[in-house]
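Peer 1: Shown below is the structure under consideration.
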Amino acid sequence: NAGVMQNPRHLVRRRGQEARLRCSPMKGHSHVYWYRQLPEEGLKFMVYLQKENIIDESGMPKERFSAEFPKEGPSILRIQQVVRGDSAAYFCASSIGAGGTYEQYFGPGTRLTVT
Amino acid sequence: AQTVTQSQPEMSVQEAETVTLSCTYDTSESDYYLFWYKQPPSRQMILVIRQEAYKQQNATENRFSVNFQKAAKSFSLKISDSQLGDAAMYFCAYSSNNAGNMLTFGGGTRLMVKP
Numbered sequence: 083n084a085g086v087m088q089n090p091r092h093l094v095r096r097r098g099q100e101a102r103l104r105c106s107p108m109k110g111h112s113h114v115y116w117y118r119q120l121p122e123e124g125l126k127f128m129v130y131l132q133k134e135n136i137i138d139e140s141g142m143p144k145e146r147f148s149a150e151f152p153k154e155g156p157s158i159l160r161i162q163q164v165v166r167g168d169s170a171a172y173f174c175a176s177s178i179g180a181g182g183t184y185e186q187y188f189g190p191g192t193r194l195t196v197t
Numbered sequence: 003a004q005t006v007t008q009s010q011p012e013m014s015v016q017e018a019e020t021v022t023l024s025c026t027y028d029t030s031e032s033d034y035y036l037f038w039y040k041q042p043p044s045r046q047m048i049l050v051i052r053q054e055a056y057k058q059q060n061a062t063e064n065r066f067s068v069n070f071q072k073a074a075k076s077f078s079l080k081i082s083d084s085q086l087g088d089a090a091m092y093f094c095a096y097s098s099n100n101a102g103n104m105l106t107f108g109g110g111t112r113l114m115v116k117p
């Protein structure tokens, strides 16, 4: 049973370009969470999605950031017109159900570098 | 809003010795979950141990145990018989069914293990 997969593992973008980060949850998991980790800091929640629905996007910046989890295919975190401050590690986690009862399994992360 | 605080940026322990990592949190809820995650240099987030707030008994997982003090809102992690492979960043995290299911992380403690 494959774990949570994220790609690419490393992504370099110039300022103003778009970044697309992909997350394939564990088999049977329909709940996906995105977190961002700035250097030397803890992970910060960005968005929580279920299939075809955004449940909670309270941690996601209002501009330039968007997320989706389509019926088929991976969840996508999209960052438009990237700036240097977007450089961070972005982690995806998935769970089989909602709530703290269910463990969130993390992917290996995507390290985004904006030059 | 829930907050999680880890007051020890770095800790050091001699191999085979015991070390305790501190964590405090703030919440107005009575039903919640607490976690310790390990992040080695690979950056993969690994769940070490979890505690349900309604359980009075402290959770244990082999060499890892917690001291959960609900009234004091304290959740420390004890690592016994420390091994070189325990060297990593350790993050305390909080989740509740009423807080959107996301994990709220502390700032982390870097644990160094001396041979």
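Top line first, the protein sequences correspond to chains A and B.
Using this note's numbering, you'd call the opening residue of the first sequence number 83 and step up by one each time.
Using this note's numbering, you'd call the opening residue of the second sequence number 3 and step up by one each time.
Note that beta-carbon positions come from the ideal geometry of N, C-alpha and C, so glycine has one too.
The structure displayed is predicted, hence computed values, not measured ones.
Kindly indicate if chain B contains any beta-carbon less than 8 angstroms away from that of Pro190(A).
Peer 2: As a working mapping, residue 190(A) is identified with position 108 in the first sequence. Yes, because at least one Cβ of chain B sits closer than 8 angstroms to the Cβ of Pro190(A).
Peer 1: Taking 7 angstroms as the cut-off, is the beta-carbon of Met91(B) closer than that to any non-hydrogen atom of the ligand FAD?
Peer 2: Judged by which ligands are present, the structure shown has none, so any question about the ligand FAD falls away.
Peer 1: Taking 8 angstroms as the threshold (beta carbon to beta carbon), is Ser98(B) in contact with chain A?
Peer 2: Reading the second sequence from its first residue, position 96 is the one you call residue 98(B). Chain A, which has a Cβ nearer than 8 angstroms to the Cβ of Ser98(B), makes this yes.
Peer 1: At the level of alpha carbons, what is the spacing between Lys75(B) and Asn89(A)?
Peer 2: On the second sequence, position 73 is the one that residue 75(B) refers to. On the first sequence, position 7 is the one that residue 89(A) refers to. When rounded, the distance between both Cα atoms is 38 angstroms.
Peer 1: From Ser98(B) to Ile178(A), what does the alpha carbon distance come to, in whole angstroms?
Peer 2: Start at 1 with the first residue of the second sequence, and residue 98(B) comes out as number 96. Start at 1 with the first residue of the first sequence, and residue 178(A) comes out as number 96. Whole-angstrom Cα-Cα distance: 16 angstroms.
Peer 1: Opposite Met114(B) in the DSSP bridges: which residues?
Peer 2: Translated into positions along the second sequence, residue 114(B) becomes position 112. Met114(B) is bridged to Ser14(B).
Peer 1: Do three or more CB pairs link the segment 87 to 103 of chain A to the segment 150 to 162 of chain A at distances below 8 angstroms?
Peer 2: yes
Peer 1: Using DSSP with H/G/I as helix, E/B as strand and the rest coil, what is Arg65(B)?
Peer 2: Translated into positions along the second sequence, residue 65(B) becomes position 63. Arg65(B): coil per DSSP, three-state reduction.
Peer 1: Counting only Cβ pairs nearer than 8 angstroms, list the residues of chain B close to Ala149(A).
Peer 2: For the purposes of this step, residue 149(A) is identified with residue 67 of the first sequence, where counting begins at 1. Per Cβ cutoff of 8 angstroms: no residues; Ala149(A) is ~13 angstroms from chain B at best.
Peer 1: 8 angstroms is my cut-off, CB to CB: does Glu139(A) come that close to chain B?
Peer 2: On the first sequence, residue 139(A) is found 57 positions in, with the first residue counted as 1. No, because no Cβ of chain B sits closer than 8 angstroms to the Cβ of Glu139(A).
Peer 1: To the nearest angstrom, how far is it from the Cα of Pro143(A) to the Cα of Ile81(B)?
Peer 2: Indexing the first sequence from 1 puts residue 143(A) at position 61. Indexing the second sequence from 1 puts residue 81(B) at position 79. Between Pro143(A) and Ile81(B), the C-alpha separation is close to 37 angstroms.
Peer 1: In terms of alpha-carbon separation, which member of Ser32(B), Arg65(B), Pro42(B), Ser78(B) lies closest to Tyr56(B)?
Peer 2: As a first step, residue 56(B) must be located in the second sequence, where it is residue number 54. The residue with the shortest Cα to Cα distance from Tyr56(B) is Ser32(B).
Peer 1: Leaving aside the five residues before and after Ser112(A) along the sequence, list all residues of the same chain whose C-beta is less than 6 angstroms from its C-beta, in chain order.
Peer 2: Residue 112(A) sits at position 30 when you count from the first residue of the first sequence. Excluding positions up to five away in sequence, the list reads Gln132, Lys133.
Peer 1: Buried or exposed for Arg166(A), please, with buried defined as at least 16 other CB atoms from any protein chain shown within 10 angstroms of its CB.
Peer 2: Here residue 166(A) is taken as the residue at index 84 of the first sequence, counted from 1. Per the 10 Å Cβ criterion, exposed.
Peer 1: Consult DSSP for Asp138(A) and reduce its assignment to one of helix, strand or coil.
Peer 2: To locate residue 138(A), count along the first sequence from 1; it is residue 56. In the structure shown, Asp138(A) sits in a strand (DSSP, three-state: E or B).
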